[in-house]
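Inspection log for the structure reproduced underneath, given as structure tokens.
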Amino acid sequence: MLKYIIRRILGMIPMLLLISFVVFLLAKAMPGDSLSGEIDPTNTDPEYIEEMRERLGYNDPIVVQYFRWVGGFLEGDFGKSTRYKVPVADLVAERLPNTIFLGVSSLVITYILAFAMGIYAGRKPYTFGDNLIGGLNYLGLAIPSFIAAVFAIYFFSFNLGWIPYTGSVDPTLQPGTFDYWLSRLHHVIMPAIVLGALATASYTQFLRNDIIENSRKDFVRTARAKGTPTSKIYNVHIMRNSIIPLITFLGFDIATLISGAIITETIFTYPGIGQLFLNSVTNRDYPTLMVITMMLSALTLIGNLIADILYGVVDPRIRLD
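4 is the number of the first residue of the sequence shown in my numbering; add one for each residue after it.
Shown next, in the form of structure tokens:
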């Protein structure tokens with residue numbers, strides 16, 4: 004196992020270098036540059052603009068600019084945000100806890116709903132309850148997250164006034180207090196439900212179909228023939244095999260903690276990495292854009308590695324070495 008993990012981590016290095024090169028080229032291919040995000044070219048002296056580009060190294064060859072950026076990146080210097088005028092590292096560190104809190108909350112909602120509905124539908128297939136859960140799942144797959152977010156804000160915030168539709172916490176509260184964390188939970192619950200409930204559909208159907216398939220296998224028939232109680236058959240024999248693929252999805256979900264929250268955070272004006280990423284695109288904040296893109300790429304590779312490790316841990320038949 005350890006050799007496999009080391010080998011996979013070493014394999015990530017050339018992949019991340021290739022991704023960094025592609026990210027850098029795409030950023031350079033976009034209109035303007037980082038200086039365009041700091042000044043208004045229409046109201047600024049062209050000679051001053053050219054002088055600043057020369058001083059900042061924007062006129063250097065692409066290869067020189069790339070290695071300068073990669074060298075700074077490896078040293079922990081992620082550059083300075085042209086939109087917020089602060090180091091990108093500080094900006095990401097400020098927003099990342101909000102996105103992690105939102106992502107973990109949505110994952111908890113996803114897995115609780117998926118396990119509850121998937122187990123019920125798998126144990127009682129083709130009943131009214133199974134058909135109702137299936138209909139809700141197909142509805143969840145059909146509704147885009149931004150549509151669900153708009154309707155949630157309209158009904159629960161504007162009409163009922165139950166849940167705030169903007170921000171991550173009440174700014175008047177003292178950080179670390181019970182009321183502070185209660186306010187954070189109050190602000191995150193609606194975007195977490197929108198983000199988590201819609202992702203539940205595919206998980207539920209997957210678990211339901213796997214339970215039905217495993218219930219028809221020979222080892223289940225043998226257990227029934229021996230007089231094993233039905234509850235033990237489902238809870239021990241069937242569930243242990245059915246949740247193996249579902250658990251491995253947890254590794255892939257790590258990569259979606261940030262990328263999947265971009266639209267949701269923007270609609271709810273939730274100050275997280277997703278909203279920061281979209282703002283950096285619209286404001287040509289290239290240093291921030293490139294750092295977040297590299298972070299998403301690294302999380303995707305790490306998520307794939309965790310998924311493979313979990314698969315080998317929960318299924319003894321898999322030998323990673």
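Beta carbons are placed, not taken as given, at the ideal position from N, Cα and C, and that holds for glycine.
*Tell me the DSSP bridge mates of K83?*
According to DSSP, K83 bridges with P90.
*Looking at the unbroken alpha helix (DSSP H) that takes in T203, where does it start and where does it end?*
181–217 is the extent of the alpha helix (DSSP H) around T203.
*Buried or exposed: where does N140 fall if 16 or more other Cβ atoms within 10 Å of its Cβ makes it buried?*
Its Cβ being crowded by 16 or more others within 10 Å, N140 is buried.
*Output the residue ranges of the beta strand (DSSP E) runs that lie fully inside the stretch 114–189 and measure 3 residues or longer, sorted by chain position.*
The DSSP assignment places no complete run of the beta strand (DSSP E) inside the stretch 114–189 (cut-off: 3 residues).
_Helix, strand or coil at R287 [DSSP, three-state]_ = Residue state for R287 is assigned as coil, using DSSP reduced to three classes.
*Pick from F104, L29, S234 that is closest to G275, judged by C-alpha positions*: Ranking the options by Cα distance to G275, first place goes to F104.
*Where do the ends of the alpha helix (DSSP H) carrying E78 lie?*
Neither: E78 is in no alpha helix (DSSP H) and is coded neither H nor E.
*Taking the alpha carbon of I247 as the point to measure from, which residue in I156, Y314, F154 has its own alpha carbon closest?*
Per the Cα distances, Y314.
*Candidates L304, S300, D288, A301: which alpha carbon is nearest K88's?*
Distances from the alpha-carbon of K88 to those of L304, S300, D288, A301 put D288 closest.
*asked:* Mapping the DSSP letters down to three states, classify P327 as helix, strand or coil.
replied: Here the chain covers residues 4 to 324 and nothing more, so residue 327 does not appear.
*Under three-state DSSP, which class holds Y61?*
Coil at Y61, not helix or strand.
*Would you say the beta carbon of N212 comes nearer than 7 Å to a heavy atom of the ligand SAM?*
Of ligands this structure carries none, so the ligand SAM is not represented either.
*asked:* Using a Cβ-Cβ cutoff of less than 7 Å, which residues in the same chain neighbour P128 once the five nearest sequence positions on both sides are dropped?
replied: The answer, listed in chain order, is I215.
_Within the continuous alpha helix (DSSP H) that includes V223, where are the two ends?_
From DSSP, the alpha helix (DSSP H) with V223 extends over 221–228.
*Is the distance from the Cβ of N2 to the Cβ of S245 below 8 Å?*
There is simply no residue 2 to check, as the chain begins at 4 and stops at 324 in what is shown.
*Indicate whether the contact test is met: 3 or more Cβ pairs, each with one atom in the stretch 59–74 and one in the stretch 267–281, closer than 8 Å.*
Segments in contact, no.
*Quick one: Cα of K6 to Cα of L249, how far?*
Spanning the two alpha carbons is a distance of roughly 25 Å.
*Among F118, M298, N307, L308, the one whose alpha carbon lies nearest that of I22*: For the options F118, M298, N307, L308, the alpha carbon positioned closest to that of I22 is the one of M298.
_Between the alpha carbons of D213 and E78, how many angstroms are there, rounded?_
Here the alpha carbon of D213 sits roughly 47 Å from the alpha carbon of E78.
*Check A96 in the structure and name its three-state DSSP category.*
In the structure shown, the three-state DSSP call for A96 is helix.
*State the CB to CB distance for the pair Y206 and G121, rounded to an integer number of angstroms; the pair is presumed to be in contact (CB under 8 Å).*
The pair is a contact, with the Cβ atoms about 7 Å apart (cut-off 8 Å).
*What span of residues does the alpha helix (DSSP H) with T272 cover, start to end?*
T272: not part of any alpha helix (DSSP H); DSSP gives it neither H nor E.
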